[in-house]
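These protein sequence lines map, in sequence, to chains E and B. One point on numbering: in full-length UniProt numbering, the residue at position 20 of the first sequence is 20, and numbering is uninterrupted. One point on numbering: in full-length UniProt numbering, the residue at position 244 of the second sequence is 244, and numbering is uninterrupted. In this text, a Cβ means the ideal position worked out from N, Cα and C, and glycines have one as well.
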Amino acid sequence: MKRWLQRASRLRVTLWTLIVPPTVWAVHFLFSYLWAAISCEKIGEWALFPTAFAIGTVIALVLIVASGVIAWQQSRTPGDPPPHQEGTDIDRLRFLAYSTMLLAGLSFVAVLFTALPVIMLGDCR
Amino acid sequence: MRGKHVAIAVLPACLLSACNRHQSTLAPFGADAADIRHLFIIMLVGAVIIAGAVALLMRHAVRAPEGAISHQKGMRIVLWLGGIIPTVVLMGLLAYSLPYMRPRPVAPADLQIAVDGEQFWWRVTYRPAGATSVDSANEIRIPTGRTVAFRLSAGDVVHSFWIPGLAGKMDMIPGRTNDLIVRADKPGRYRGQCAEFCGLSHALMAFDVIAMPPAAFDAWLAGQRRPAQARDGEGARLFAANGCNGCHAIAGVTAPTRIGPDLTHFGSRRTLAAGILPMTQAHVAAFIRHPEKTKPGVRMPSFPQLSDDQALALARYLQGLK
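Spelled out as structure tokens, the structure:
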């Protein structure tokens with residue numbers, strides 16, 4: 001775990017990695033709705049593969065948590081206290097890392113909120 | 001200042017005048033409405049606690065001197081009170097409420113009642129499993145303790161079917177059938193209402209709901225299946241002469257038609273004009289002559305050419321259909 005964290009801390013958070021958690025959330029959201037709509041319309045019941053849906057949700061959550069952990073590691077890069085608003089490399093990195101971490105938190109909750117009704121209701125009506 | 005306080009105390013009390021046990025989610029007679037009331041109370045208590053806590057915190061924040069807490073402590077408060085606690089509370093409420101939202105299971109043997117919304121009345125067809133269907137209108141009877149499947153649609157525009165004491169509302173959409181599965185628990189007379197604006201007389205589109213013990217319901221439905229006991233006479237003659245049978249069906253008397261409400265057992269209903277008027281001879285006669293006075297925008301033409309006596313004779317004939 002420690003080695004993994006060390007390796008993660010060497011990754012650079014960029015604008016591209018910033019959008020990983022909300023993108024995973026968007027894909028999960030779209031997939032859930034499409035799957036439910038097609039499944040209900042074509043076979044009249046939800047769902048054909050409930051286990052596959054649960055696995056997909058877990059994968060989405062793992063991806064989001066991984067992005068969050070990497071961002072959390074980098075947000076702890078030593079430097080001045082917040083707000084990280086100077087135009088320096090270190091402040092830019094910490095700002096991006098902190099934003100990614102918050103987005104990961106939001107996306108994690110959003111994926112759970114999307115998945116809970118699907119899993120607990122499991123009905124097309 | 002004192003007047004303001006009195007107004008603050010009295011105005012919310014006026015809302016209590018809306019309380020009744022015939023058309024209220026807070027006075028449920030069905031399992032689903034009871035669930036809705038339960039969830040409403042839980043959410044209300046939760047909302048009051050959260051609103052109170054936020055008000056107290058705001059009061060504290062406004063009064064506290066600047067620099068009373070460190071930046072780090074402030075950020076921690078934002079994280080916990082603004083992020084973690086609301087998320088956990090919302091997650092908890094969602095997980096708690098979801099099982100209540102699970103639709104009730106339904107079997108092919110359960111009674112189906114097809115209800116179509118029309119401007120501005122309700123077409124009702126009882127479809128018991130393994131028996132012939134029964135047409136009716138503007139009144140719905142259901143057995144207590146049994147699952148009932150409402151199959152909801154609409155003939156013209158979007159309506160919404162709502163019996164607050166029984167279950168949540170469900171839209172009625174032309175060309176689509178929505179299922180609402182319910183179970184009534186307490187016998188009694190209740191009321192439903194259209195809950196989606198559908199035209200001039202939307203607010204005047206209601207219906208009586210009568211929940212009956214199963215044996216009484218079965219006997220009633222068997223009675224409804226029998227043709228009308230129509231009497232010949234002036235009323236019957238006027239009914240035919242004025243072309244009423246072109247739109248209204250009376251089983252056993254007229255040819256089937258589906259334009260206006262079925263009148264086969266009209267006289268056994270408690271209200272007239274979709275739950276709006278009491279079923280008295282004078283009201284029936286007045287409605288026949290000038291339906292638009294009671295229901296603006298109604299599709300039934302008026303019959304001002306009928307004399308008072310003729311309208312009363314027609315009303316007597318219709319009220320005799322039991």
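Output, in chain order, the set of chain E residues within a Cβ distance shorter than 7 Å of residue i.
i	result
B:P103	D123, R125
B:A95	L116
B:D171	Ordered by position in chain E, no residue passes the 7 Å Cβ test against B:D171, which lies about 13 Å from the chain.
B:T87	V109
What span of residues does the beta strand (DSSP E) with residue i cover, start to end?
i	result
B:G117	111-118
B:F207	206-212
B:G188	188-194
B:S136	134-137
B:A154	147-154
E:R125	Premise fails: E:R125 is in no beta strand (DSSP E) and is neither H nor E.
B:R123	121-127
Considering just the uninterrupted stretch of the alpha helix (DSSP H) at residue i, what are its terminal residues?
i	result
B:S160	It is not in any alpha helix (DSSP H) - B:S160 instead sits in the beta strand (DSSP E) that spans 159-162.
E:S99	89-121
B:F40	31-63
B:R104	From DSSP, B:R104 is part of no alpha helix (DSSP H); its letter is neither H nor E.
B:V284	281-289
E:W16	15-18
B:V78	71-79
B:H5	2-15
B:A240	234-241
Which chain B residues are close to residue i, counting only those with a beta carbon under 9 Å from its beta carbon?
i	result
E:M101	By Cβ distance, chain B contributes nothing, its closest Cβ being about 11 Å from E:M101, past 9 Å.
E:F113	L90, M91, L94
E:V24	Near E:V24 there are no residues of chain B at all, since even the closest Cβ is about 18 Å away, more than 9 Å.
What did DSSP end up calling residue i once you bin it into helix, strand or coil?
i	result
B:P174	strand
B:R225	helix
B:R316	helix
B:F303	coil
E:P50	helix
B:G297	coil
E:F29	helix
B:T87	helix
B:D179	strand
B:I140	strand
B:L272	strand
B:T25	coil
B:A249	coil
E:T23	helix
E:R3	helix
E:P78	coil
B:A184	strand
B:P261	coil
B:P256	coil
B:L98	helix
B:L200	coil
B:L277	strand
E:G56	helix
B:L166	coil
E:E41	helix
E:Q85	coil
Under 9 Å between the Cβ atoms of residue i and residue j?
i	j	result
B:L238	B:A313	yes
B:S153	B:A195	no
B:R104	B:A31	yes
B:F266	B:Q319	yes
B:N242	B:T254	no
B:A273	B:T264	no
B:D208	B:R269	yes
E:W25	E:V111	yes
B:D135	B:A249	yes
B:M170	B:S97	no
E:T17	E:L96	yes
E:F113	B:L90	yes
B:H22	B:R191	yes
B:S24	B:P214	no
E:T122	E:P50	Correcting the residue identity first, residue 122 of chain E is Gly in this sequence and not Thr. Taking 9 Å as the Cβ cut-off, E:G122 and E:P50 qualify as a contacting pair.
E:G79	E:R94	yes
B:L39	B:Y100	yes
E:Y98	E:S67	no
Just the chain E side, please: which residues come within less than 8 Å of residue i by C-beta, in chain order?
i	result
B:L98	L116, P117, M120, L121
Determine which residues of the region 27-44 of chain B have a Cβ less than 7 Å from any Cβ of chain E, and write them out in chain order.
Listed by position along the chain: nothing, the set is empty.
The region 50-75 of chain E: which residues have C-beta closer than 7 Å to a C-beta of chain B, in chain order?
Correct list: empty, as no residue qualifies.
Output, in sequence order along the chain, the residues in the region 131-151 of chain B whose CB is closer than 9 Å to any CB in chain E.
Against chain E - using a Cβ distance shorter than 9 Å - the region 131-151 of chain B contributes no residues.
Using a Cβ cut-off of 9 Å, which residues of the region 175-190 of chain B contact any Cβ in chain E, in chain order?
For the region 175-190 of chain B, which is checked against every Cβ of chain E, the residues closer than 9 Å are N178, D179, L180, I181.
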